[in-house]
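In what follows, a structure is listed as structure tokens, so that the remarks can point back to it.
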Amino acid sequence: MARPMGPRFKQSRRFGVNIFGHPKELNRGVKTNRKVTEYGKQLIEKQKLKAYYGLSEKQMLRYVKDAFKESRQGKGLIGDLAVARAEKRLDNLVYRAGFASSLRQARQFVVHGHISLNGQKTTIPSLEVKAGDSIGLTPRGQKLELIKENVDASTVQVPYLQRDNESKTAVLERDPERDEVPIELTDSLVVEFYSKSI
8 MARPMGPRFK
18 QSRRFGVNIF
28 GHPKELNRGV
38 KTNRKVTEYG
48 KQLIEKQKLK
58 AYYGLSEKQM
68 LRYVKDAFKE
78 SRQGKGLIGD
88 LAVARAEKRL
98 DNLVYRAGFA
108 SSLRQARQFV
118 VHGHISLNGQ
128 KTTIPSLEVK
138 AGDSIGLTPR
148 GQKLELIKEN
158 VDASTVQVPY
168 LQRDNESKTA
178 VLERDPERDE
188 VPIELTDSLV
198 VEFYSKSI
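In terms of this note's numbering, the sequence shown is residues 8 to 205.
As structure tokens, then:
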């Protein structure tokens with residue numbers, strides 16, 4: 008499946024937020040003097056969400072459609088549900104757990120067979136992790152010095168993911184609340200963008 012693999016820092020400067028977590032992303036400044044239409048604002052927020060999680064348009068549309076259905080069943084707000092679904096992707100949680108220094112690296116670790124889910128090797132980055140699931144390293148992953156260095160250097164933690172540095176495992180204890188997810192996004196604009204086509 009095609010992935011957005013263009014210049015990352017340029018994306019962050021265009022959106023005006025640090026999408027990929029690199030300290031130098033916004034060094035060259037952000038242009039803010041352009042007038043943006045309401046549709047343009049919705050489009051930017053949609054593209055921003057896709058960039059945060061490395062999603063294709065097809066995946067993004069599926070998450071939003073599922074969120075619309077769940078919201079009609081009284082499970083929460085559409086934007087919150089869509090973000091939570093993206094946040095629970097295996098590659099994203101590998102990144103949040105500190106096994107990888109970036110989402111791209113996390114996806115690569117999964118695809119190359121370095122990551123296990125509930126003790127079983129998996130190579131599907133988009134797999135949705137459920138509450139109670141345990142993310143760990145395969146025997147190959149345990150030998151990778153880069154993962155050890157990433158875990159030792161990682162300081163950022165999210166309250167819904169419990170990490171054990173000794174065993175190099177992380178457990179998704181519960182579904183994330185929207186205000187706990189460390190992304191800068193106006194969810195309502197994403198919902199408005201897709202509400203015309205869903």
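Backbone N, C-alpha and C define an ideal beta-carbon position, used for all residues, glycine too.
Please read these numbers as outputs of a predicted model, since none were measured by experiment.
Nearest residue (CA-CA) to residue i, options the options
i	options	result
LEU84	PHE200, SER195 and ARG41	SER195
LEU78	SER204, VAL198 and LYS203	The sequence shown places Ser at residue 78, rather than the Leu named in the question. For the residues SER204, VAL198 and LYS203, the minimum Cα distance to SER78 belongs to VAL198.
PRO189	ASN99, SER63, LYS82 and ALA74	ASN99
PRO132	VAL118, LYS82 and ASP87	VAL118
Neighbourhood of residue i by C-beta distance below 8 Å, restricted to the same chain and skipping five residues each side
i	result
GLU135	ARG92, LYS95, ARG96 and LEU97
Beta-carbon proximity list for residue i, same chain, < 7 Å, skipping 5 on both sides
i	result
ALA107	VAL101, ALA113, PHE116 and ASN157
GLY120	LYS128, THR130, THR145 and ARG147
LEU50	PHE200
PHE75	ILE85 and ILE205
Per-residue burial, residue i [other beta carbons within 10 Å of its own, 16 or more giving buried]
i	result
GLU45	exposed
SER1	Look at the range of the chain in this structure, 8 to 205, and you will see that residue 1 is not part of it.
ASP186	exposed
PRO183	buried
Cut-off 6 Å between Cβ atoms - residues of its own chain near residue i, not counting five sequence neighbours on either side
i	result
LYS53	VAL197 and PHE200
ARG111	none
VAL178	SER141 and GLN169
Per DSSP, the bridge partner or partners of residue i
i	result
THR176	ASP171
LYS128	SER123
Unbroken stretches of the beta strand (DSSP E), 3 residues or longer, contained in the region 35-106: none
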